[in-house]
Amino acid sequence: MGSGFSLFHNDSSCYTNRDLLNRGLGDLPESCVALIVENLDPVEICRFSKLNRAFHGASWADFVWESKLPSDYRLILEKILGGFPEKLRKRDIYTFLSRVNSFDEGTKKAWVDKRTSDLCLCISAKGLSITGIDDRRYWSHIPTDDSRFSSVAYVQQIWWFEVDGEIDFPFPAGTYSVFFRLQLGKPDKRFGWKVCNTEQVHGWDIKPVRFQLWTEDGQHSSSQCMLTEPGNWSHYHAGDFVVGKSKRSSTKIKFSMTQIDCTHTKGGLCLDSVVVYPSSCKDRLRRN
Amino acid sequence: MIVLKSSDGETFEIEEAVALQSQTIAHMVEDDCVENGIPLANVTGEILAKIIEYCKKHVEGGGGSEEELKIWDKEFIENIDQSTLFNLILAANYLNIKTLLDLTCQRVADMIS
Chain C
1 MGSGFSLFHN
11 DSSCYTNRDL
21 LNRGLGDLPE
31 SCVALIVENL
41 DPVEICRFSK
51 LNRAFHGASW
61 ADFVWESKLP
71 SDYRLILEKI
81 LGGFPEKLRK
91 RDIYTFLSRV
101 NSFDEGTKKA
111 WVDKRTSDLC
121 LCISAKGLSI
131 TGIDDRRYWS
141 HIPTDDSRFS
151 SVAYVQQIWW
161 FEVDGEIDFP
171 FPAGTYSVFF
181 RLQLGKPDKR
191 FGWKVCNTEQ
201 VHGWDIKPVR
211 FQLWTEDGQH
221 SSSQCMLTEP
231 GNWSHYHAGD
241 FVVGKSKRSS
251 TKIKFSMTQI
261 DCTHTKGGLC
271 LDSVVVYPSS
281 CKDRLRRN
Chain X
1 MIVLKSSDGE
11 TFEIEEAVAL
21 QSQTIAHMVE
31 DDCVENGIPL
41 ANVTGEILAK
51 IIEYCKKHVE
61 GGGGSEEELK
71 IWDKEFIENI
81 DQSTLFNLIL
91 AANYLNIKTL
101 LDLTCQRVAD
111 MIS
């Protein structure tokens, strides 16, 4: 971790007139400091901006943040904001993107990981096509803090379980993983405590559910798994897709989760959202 | 051959190819003002010697594989003290030697992070 640098506080007069020996970090001109901080991650850059004037100035240098912003950040901003704010400096743009921003009438959220600059996306249950969602015999929306969107979709009993979704977004090049965030059990409160009511959970141990993923450029994946661990929120992996560095600026993906074996009913399932994360996060998310 | 004069009066005679890795020197050569040697008022003899050592190794890709060059760079940068490191940054900035500047700045970034 940070070794102890001795800073020599000198005025900013031209260094040709001064003793060239015994230099410290504080003597470097802003342009050199900017080249140094470019090698740090965004969180560290902001931390070091408090060091001295040169670091503070360097931490605002546009070229430093240009290298941290995801590619196609203009398109991402346009998608989220509906326009591009011309007056913002690159560091401000990065700060904005690293916050969780809602768009599409609050049904979707997107943000950039502060350290790695990776793009993450989240689609609420209300942004998905759920078969039978309007039929109160089967589905309902339950307000809860368990969800980023403050509400989840709950199915008490159904024969034909199908959830479809799609998104068209300017994903930067890379590999992404799609997960469904689900819980077997209904969020409930008992005597003021948050509990998970698993009384209605049934039918998921008979046959597996099927996850599918398609991209516009022909990628397709399909998998099956049993839903397990009632009472906990889990991320179920629906598939991966690759965004290449091609000219196309926006990537459209479709995904689905189905259990349509109508010989048995299933229910007691809570659907919070579908998340799209860079594949590097895959292991962290599995079943957590 | 090109003659470089440090701020403390040392002179170094080096091959043009080595010197031309500095964009600043390259421009001076283009503008034809290198008759009596190039005075570098911002760089001491000690630092200039280090820079010349780096540039000699990096002439035309270093004569070895990319891996070997990386290993050499690593040893080069790890064997210098803080003060020399900062002076190298300033000198590489002044002389406009991009690869050396990148190497030294990356080193500082690694040290402070």
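The listed protein sequences derive, respectively, from chains C and X.
Numbered per full-length UniProt numbering, the first sequence spans residues 1 to 288.
Numbered per full-length UniProt numbering, the second sequence spans residues 1 to 113.
Where a beta carbon is used, it is the ideal one built from N, C-alpha and C, also for glycine.
If you're wondering where the values come from, they're calculated on a predicted model, not measured in any experiment.
Considering only the alpha carbon of each residue, which of the options lies closest to residue i?
i	options	result
M28/X	L95/X, L100/X, A109/X	L95/X
residue 294/C	L40/C, A58/C, R47/C, K50/C	Since the displayed chain C opens at 1 and closes at 288, residue 294/C lies outside it and no answer follows.
K87/C	H264/C, R74/C, L184/C, V152/C	R74/C
I47/X	I77/X, E30/X, L69/X	I77/X
E162/C	G192/C, S117/C, V209/C, S98/C	V209/C
I76/C	T258/C, S250/C, K282/C, D261/C	S250/C
K90/C	W65/C, K114/C, D72/C, P70/C	W65/C
P126/C	A34/C, S246/C, S150/C, A110/C	At residue 126/C the sequence reads Lys, which differs from the Pro that was named. Of the candidates A34/C, S246/C, S150/C, A110/C, the one whose C-alpha sits nearest the C-alpha of K126/C is S150/C.
S22/X	I71/X, T11/X, N79/X, I52/X	I52/X
D272/C	T95/C, K266/C, I142/C, E216/C	I142/C
R148/C	D113/C, N101/C, R115/C	N101/C
W204/C	C32/C, A173/C, D217/C, Q156/C	Q156/C
D240/C	F211/C, T228/C, D261/C	F211/C
residue 117/X	S221/C, F179/C, L40/C, W193/C	The displayed coordinates of chain X run from 1 to 113. Any statement about residue 117/X would go beyond what the structure contains.
G244/C	P170/C, K114/C, V195/C	P170/C
D113/C	Y94/C, R181/C, F103/C	Y94/C
C55/X	T99/X, M111/X, E35/X, A109/X	T99/X
Need the endpoints of the alpha helix (DSSP H) that residue i sits in, please.
i	result
G57/C	53 to 58
T95/C	90 to 97
K109/C	Looking at the DSSP string, K109/C is not in any alpha helix (DSSP H); the run it does join, the beta strand (DSSP E), is 108 to 112.
Q23/X	23 to 30
G31/C	Reading off the sequence shown, one finds Ser at residue 31/C, where the question assumed Gly. From DSSP, the alpha helix (DSSP H) with S31/C extends over 30 to 37.
K70/X	66 to 78
I76/C	73 to 81
C120/C	Unbroken run through C120/C is the beta strand (DSSP E), 119 to 124; no alpha helix (DSSP H).
V64/C	62 to 66
Give the range of the beta strand (DSSP E) segment to which residue i is assigned.
i	result
Q224/C	220 to 225
Q82/X	Counting along the chain, Q82/X falls outside any beta strand (DSSP E), though it belongs to the alpha helix (DSSP H) covering 82 to 95.
Y236/C	233 to 243
E53/X	Where E53/X is concerned, there is no enclosing beta strand (DSSP E), although the alpha helix (DSSP H) it sits in stretches over 45 to 58.
D135/C	Segment: none, D135/C is in no beta strand (DSSP E) and carries neither H nor E.
K252/C	251 to 259
V274/C	269 to 278
Q106/X	Unbroken run through Q106/X is the alpha helix (DSSP H), 98 to 112; no beta strand (DSSP E).
E35/X	First-last for E35/X: undefined, no H or E at that position.
E13/X	11 to 14
V195/C	193 to 197
residue 323/C	No information on residue 323/C is available, as it lies outside the stretch 1 to 288 that chain C covers here.
F169/C	161 to 169
I2/X	2 to 5
L184/C	174 to 184
V155/C	151 to 155
Taking buried to mean at least 16 other C-beta atoms within 10 Å of its own C-beta, is residue i buried or exposed?
i	result
F63/C	exposed
I123/C	buried
K186/C	buried
L81/C	exposed
N22/C	Low confidence applies here, because N22/C scores a pLDDT of 49, under 50, leaving its location unreliable; read the following figure in that light. So N22/C ends up on the exposed side.
H264/C	exposed
F255/C	buried
M226/C	exposed
E105/C	exposed
A34/C	buried
D73/X	buried
F84/C	exposed
Q224/C	exposed
N42/X	buried
S67/C	exposed
S6/X	buried
T228/C	exposed
M1/C	Here M1/C scores only 42 on pLDDT, less than 50, and its place in the model should not be relied on; the value that follows carries that caveat. Under this definition M1/C is an exposed residue.
R181/C	buried
E38/C	buried
S260/C	With the sequence shown as reference, residue 260/C is identified as Ile, and Ser is not the correct amino acid for it. Exposed: under 16 other Cβ atoms inside 10 Å.
S246/C	exposed
C270/C	buried
What distance in whole Å lies between the Cβ atoms of residue j and residue i, which are believed to be in contact at a cut-off of 8 Å?
i	j	result
S129/C	D164/C	4 Å
G132/C	T198/C	Contact doesn't hold; Cβ gap of about 22 Å is too wide.
P230/C	V201/C	5 Å
Y138/C	I158/C	5 Å
residue 342/C	V152/C	Since the first residue of chain C shown is 1 and the last is 288, residue 342/C is not available in this structure.
I167/C	I45/C	Actually they are not in contact, since the Cβ atoms of I167/C and I45/C sit about 31 Å apart, beyond 8 Å.
E16/X	I38/X	In fact, because the Cβ distance is near 12 Å, the residues do not count as touching under 8 Å.
I92/X	L85/X	A small correction: the amino acid at residue 92/X is Ala; Ile does not occupy that position in the sequence shown. About 10 Å; that fails the 8 Å criterion.
Taking 9 Å as the CB-CB cut-off, is residue i touching chain A?
i	result
C55/X	As a matter of chain content, chain A is missing from the structure shown, whose protein chains are C and X.
- Please name the residues in the stretch 82 to 97 of chain X whose beta-carbon is closer than 8 Å to at least one beta-carbon of chain C, in chain order. Q82, S83, F86, N87, I89, L90, N93
- Listed in chain order, which residues of the UniProt domain "F-box" (27 to 56) of chain C have Cβ atoms closer than 8 Å to some Cβ of chain X? D27, L28, P29, S31, C32, L35, I36, V37, E38, N39, L40, D41, E44, F48
- Task: Scan the stretch 20 to 36 of chain X for residues whose Cβ lies nearer than 8 Å to a Cβ of chain C and list them as they occur along the chain.
- Result: none
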